[in-house]
Amino acid sequence: MGAEVVIEGLSKSFGKHTIWRDVTLTLPPGEVSVMLGPSGTGKSVFLKSIIGLLKPDRGKCVINGVDIVRCSERKLYEIRKLFGVLFQDGALFGSMNLYDNVAFPLREHTKKSETEIRKIVLEKLEMTGLSGAERKLPGEISGGMRKRAGLARALVLDPEIILVDEPDSGLDPVRTTYISQLFIDVNAQIDATFLIVTHNINLARTVPDNLGMLYRKELVMFGPREVLLTSEEPAVKQFLNGRMDGPIGMSEEKDSATLAAERAMFEAGHHAGGVEEITGVPPQLQPTPGLPERQGARRRKDRVMRILHTLPQAARESIIASLTPEERHRYGIPAPRPHRPDPVGAQRGSLPTEQVAQLPDSDWTRPIPANTDDVTRRLPPHQQGNS
Ligand SMILES: Nc1ncnc2c1ncn2[C@@H]1O[C@H](COP(=O)(O)OP(=O)(O)O)[C@@H](O)[C@H]1O
Ligand SMILES: [Mg+2]
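With this note's numbering applied, the sequence shown covers 256 to 642.
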C-alpha cells in the first residue's frame, strides 16, 4: 500500500512573496488526489515542497513518520526514494532513447544487473502502453507518449507516492483522458498514493478520490471529491465551470469594482464563457476491465462513510446516491423509498387500472380550442379560477 502524506500548516514564500500559507491536508494511502488551482497559485511549488526540492518556511510534511521539512539530508534522500515524479514536460533526456531514459533511475540508484533492469524496463513500458517504442528518442514521439514514458520512468523504483504535474499540458482532451485512465490503471495495479496537480476540469471531475483547490494563497478546500463537486463556494464553482463570471480574474483575483462591473455585463446577457453550468458528481473513472479493483477506492469508501456525518448535506446525498444496494446494506443505509407515481404518471398508464379509475373526471384529453393561448382554459372547468 502507498504511503500516507500528512501536511500540517505548511507555508511557503519566496522573499516577501507568500505563495501559500497554512496548508493542512492528508493524502490517504493508495488514494488518488487532485489539487486544482488557477495558474500561478503555487501548485508546482506545492509538489516540489512535498519531495523536499523546495523548503517550506513553516509547517510539517510527514511521510512514514519523517517530517521532511526538518529532517537531515540523508533522511530526505531515503524518503525521496518513495516518490515517483512525473514532471510537466516528462523531463526525459533528449539524447537517450526511451529504454535508456526509463532504465536511468535503476542504473543510478540500484546495483541491479542489466538483465534485471531489462525485465523491469520492459514491464513498465508495457504497463504504460509503450511496448515496441524502446528505441525511439523523445523528440521522435508524440507528447502523449512522452508523458507515458515519463510515467514509466517514475514507476521503475516501485514508488509508494506518485506526484504528477499538469498531465494534460500540451495534450488534446482525448489523450488527456487516456493518460487519466492510465493513472487509474497504475493505481489499481500498484496501490500507490497519487497526487495530481492540474487545472483540467474534466480530469478533476472524473479521476480523483479526493479533490482540493489552492486559491488566494490558501487551500480553499480539500476532501472527498463529492465535497468540491457539490460546493457552492463561488471560486470553486466558477473554476469547475471555467467561467469568467466569479471572483477569479484574468491574472489572480478581481477587485470588487471589477467584479461588480463584470456582474452587470453578464446579467445584461454577455456570455460568461465555459460550457453550460455543470453540477453534480459524475461517475468516477474505473480501472480498465480485467485489471484488479482499486484497493484505494475500497478503503476510501469505508473512510468516507465513517466521516459522512461531518460532510456538507449535498456531498452526503451524492455519496449515498452512489452506493450500490450491497454497499447500502453493508453501511446500514436504508433502501431508498420507492418512488410514488404521480397522477400524471397515471395518464401514461403506469398506475394499476383501479387507481386510474379513482382520478377525478377530466376532459384533458379533449382537443384544446384553437383560439386560446390562456393556459387556464386547458384546465377542466372545475379547476379553473373565477377571475
Ligand atoms: N524558485 C522560485 N523562486 C521564486 N519564485 C518562484 C520560484 N518558483 C516559483 N515561483 C513563483 O511561485 C508562484 C507559483 O508558481 P507555480 O507553483 O509554478 O504555479 P502553478 O504551478 O500553480 O502555475 C509564481 O508566482 C512563481 O513565479
Ligand atoms: Mg505549475
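Ideal placement from N, C-alpha and C gives every residue a C-beta, glycine not left out.
Everything numeric in this text was worked out from a predicted model, so none of it was measured.
- Between the segment 493 to 506 and the segment 568 to 586 there are fewer than three C-beta pairs closer than 8 Å, too few to call the two in contact.
- Taking all protein chains shown into account, R592 has fewer than 16 neighbouring C-beta atoms within 10 Å of its C-beta and is therefore exposed.
- In this structure, ligand 1 has a non-hydrogen atom nearer than 7 Å to the beta-carbon of S294.
- Along the segment 422 to 484, the alpha helix (DSSP H) occurs as fully enclosed runs of 4 or more residues at 428 to 445, 456 to 461, 480 to 484, listed in sequence order.
- I588 and I456 have their C-alpha atoms spaced approximately 31 Å apart.
- L458 is a Cβ neighbour of T431, given a cutoff of 8 Å.
- Q343 sits close to D420, with the two beta carbons spaced by under 8 Å.
- Around the CB of T279, fewer than 16 other CB atoms lie within 10 Å, so the residue is classed as exposed.
- Taking L563 as the centre and dropping the five residues before and after it, the same chain places the C-beta of R571, I574 closer than 7 Å to its C-beta, in chain order.
- Counting every other CB atom within 10 Å of its CB across the protein chains shown gives E582 a total below 16, marking it as exposed.
- Annotation for M400: the continuous alpha helix (DSSP H) segment containing it runs 398 to 410.
- Bridge pairing for D420: V452 [DSSP].
- DSSP places F338 inside the beta strand (DSSP E), whose first and last residues are 338 to 341.
- Taking a contact to require three or more Cβ pairs closer than 8 Å, the segment 356 to 369 and the segment 402 to 417 qualify as touching.
- Inter-residue distance for V357 and V260 is about 26 Å (C-alpha atoms, whole angstroms).
- Apart from sequence neighbours up to five positions away, the residues of its chain that approach G399 with a beta-carbon distance below 8 Å are L426, R430, Y433, I434, ordered along the chain.
- Using a Cβ-Cβ distance cut-off of 8 Å, the segment 441 to 450 and the segment 468 to 483 are not in contact, since fewer than three pairs of beta carbons, one from each stretch, lie closer than that value.
- Look at the segment 267 to 328 and you find these whole runs of alpha helix (DSSP H), each 4 residues long or longer: 298 to 305.
- Taking a cut-off of 8 Å for Cβ pairs, the segment 270 to 288 and the segment 551 to 560 touch, as three or more such pairs fall below it.
- If you ignore the 5 residues before and after R558, its C-beta comes within less than 8 Å of the C-beta of P283, all in its own chain and listed in chain order.
- With a threshold of 16 other beta carbon atoms within 10 Å, L437 meets it and is buried.
- Around the beta carbon of D277, fewer than 16 other beta carbons sit within 10 angstroms, so the residue counts as exposed.
- If you draw a straight line from the Cα of R408 to the Cα of E369, it is about 16 Å long.
- Relative to M505, the option among W275, K267, T296 whose CA is nearest is T296.
- Assigned with DSSP and collapsed to three states, E263 falls in strand.
- A distance criterion of 7 Å places the beta-carbon of D500 beyond contact range of ligand 2, judged by its closest non-hydrogen atom.
- Between the C-alpha atoms of L474 and P502 there is a straight-line separation of about 16 Å.
- Under the DSSP assignment, G551 falls in the alpha helix (DSSP H) whose first and last residues are 550 to 561.
- Judged by their CB atoms, D312 and K374 are not nearer to each other than the 8 Å cut-off.
- Counting the other Cβ atoms within 10 Å of the Cβ of P463 gives 16 or more, which makes it buried.
- Here I588 carries a coil assignment [DSSP, helix/strand/coil].
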